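If you read the protein sequences in the order shown, they are chains A and B.
Each step along the first sequence adds one to the number in this note's numbering, with nothing skipped, and position 50 is 30.
Each step along the second sequence adds one to the number in this note's numbering, with nothing skipped, and position 3 is -17.
Glycine residues also receive a C-beta, built at the ideal position from the N, C-alpha and C atoms.
Here the structure is a predicted model, which means the values were calculated and not measured.
First comes the structure, then the notes that go with it.
Number of protein chains: 2
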Amino acid sequence: METYQESAKVFKALCDPKRLAILKQLRSGEKCACVLLEPMDLTQSGLSYHMKILCDSGLVEGRQEGKWIHYRLSEAGRNKAVKLLLALTTPDIVSQNNCSSCDK
Amino acid sequence: METYQESAKVFKALCDPKRLAILKQLRSGEKCACVLLEPMDLTQSGLSYHMKILCDSGLVEGRQEGKWIHYRLSEAGRNKAVKLLLALTTPDIVSQNNCSSCDK
DNA sequence: TGTTCATATCAATATTTTTTGATTTGAGGT
DNA sequence: ACCTCAAATCAAAAAATATTGATATGAACA
C-alpha cells in the first residue's frame, strides 16, 4: 500500500486554485505551456512549478515536441484518483469496530 | 458553480497525512474524538483543528452526544467529492479546442 | 451553583508551500 | 560553434498551513 505522503500527492495537486484553473484549461484539449500561461496570473517559472506537481500527481501528462511541451489530462490518472478517493473514504465493512462510547 | 477555493476545500482535507490517518480510523466505524486521538501523534487541539477541516469538507460528519462528539464518514460527502473530482479532470467534449501548436 | 471533563478557540511559533527573479538546460536553427 | 527560445531549476522571500500551550465554552452531574 502507498504511504499517506504518496496518496496525498494526487489530492495536493487538486487543492490549489491555480492548478484547478490549469486543469480547467486542459479540459478543453491539449495545450502547450506558453498557451496555458497566457490567461494565468503566473510567471513562467511559476507555471513550471505547478505543471510539475500536476504531472507528478498523474492527473496530467506532458508530451515533448521540439522545444514545446504539450500537456493533456490523463484518463489513467483520473481513474486512479477516483479509486484512491473511494479507497480512502469508503467504510471497510470487514473491519467495523465502533468505539465503545459510540455503541449507544 | 463553486469557486476554485470552494472546490479546493474538499481536496485540501485529503492532502495531509494526519487527516488521511484519521479517515483510515473512521473507515472501521464511528469513533469519538478521544478514541481518534489515542493512536495519533497530535495534541487535543491539533485533533480538533483537523476534525474541523474534515467536517467542513463534507467528507466527515460529527454527531454530538452529551459531551462527546462522534465522527463518521459521510456517504453524501464521498459522492460529492467523486463528482467534483470527475468534473475537474474529465475532458469537456463540447469545448474541444487544442492550441494551434498542439494540432500537428 | 460549583466541579469535572470533552472539545473548541486563540495567539504565537514552526513548518510547508508558493512566488519571484536569476540562471541553467536543452532543442532547433543559422 | 553560436544564437534563440521554451522550459526547468535554484535560492530567497512571501504566504499559507499546521502545531503548541493556554484559555474558553458547554454539557453533565453533585
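Residue i: contacting residues in chain A (beta-carbon distance under 8 Å)
| i | result |
| --- | --- |
| A(-12)(B) | L(-6), C(-5), D(-4), P(-3) and L0 |
Per-residue burial, residue i [other beta carbons within 10 Å of its own, 16 or more giving buried]
| i | result |
| --- | --- |
| V74(A) | exposed |
| G57(A) | buried |
| T122(B) | What is shown of chain B runs -19 to 84, which leaves residue 122(B) out entirely. |
| R43(A) | exposed |
| Y51(A) | buried |
| E10(B) | buried |
| K(-8)(B) | buried |
| Y29(A) | exposed |
Under 9 Å by beta carbon: chain B residues contacting residue i
| i | result |
| --- | --- |
| K63(A) | What K63(A) touches in chain B: nothing, since even the nearest Cβ is about 10 Å away. |
| P71(A) | L6, R7, S8, G9, R52, L53 and E55 |
| C35(A) | Those do not exist, as C35(A) stays about 13 Å from chain B at its closest Cβ, beyond 9 Å. |
Reduced DSSP secondary structure (H/G/I, E/B, other) of residue i
| i | result |
| --- | --- |
| K32(B) | helix |
| Q14(A) | Reading off the sequence shown, one finds Cys at residue 14(A), where the question assumed Gln. Reduced to three states, the DSSP call for C14(A) is helix. |
| L(-6)(A) | coil |
| L68(B) | helix |
| K46(B) | A small correction: the amino acid at residue 46(B) is Gly; Lys does not occupy that position in the sequence shown. It is coil, neither helix nor strand. |
| L53(A) | strand |
Cβ-based neighbour list, residue i, same chain, cut-off 8 Å, excluding 5 preceding and 5 following
| i | result |
| --- | --- |
| G38(B) | V(-10), S54, A56, G57, K60 and A61 |
| L0(B) | L(-6) |
Chain-order list of residues whose beta-carbon lies under 6 Å from that of residue i (same chain, five-residue window excluded)
| i | result |
| --- | --- |
| P19(B) | none |
| M(-19)(B) | Since pLDDT at M(-19)(B) reaches only 46, below the 50 mark, its modelled position is unreliable, and the value read off the structure follows with that caveat. Taken in chain order, the list of residues that qualify is empty. |
Chain B residues whose Cβ lies nearer than 8 Å to that of residue i
| i | result |
| --- | --- |
| L66(A) | R58 and V62 |
Listed by chain order, chain B residues near residue i by CB distance under 7 Å
| i | result |
| --- | --- |
| A(-16)(A) | This sequence places Tyr at residue -16(A); Ala is not what is there. Within 7 Å Cβ-Cβ: P(-3), L0 and A1. |
Anticipated Cβ contact below 8 Å, residue i with residue j, distance rounded
| i | j | result |
| --- | --- | --- |
| A(-12)(A) | D(-4)(B) | 7 Å |
| S8(A) | D72(B) | 6 Å |
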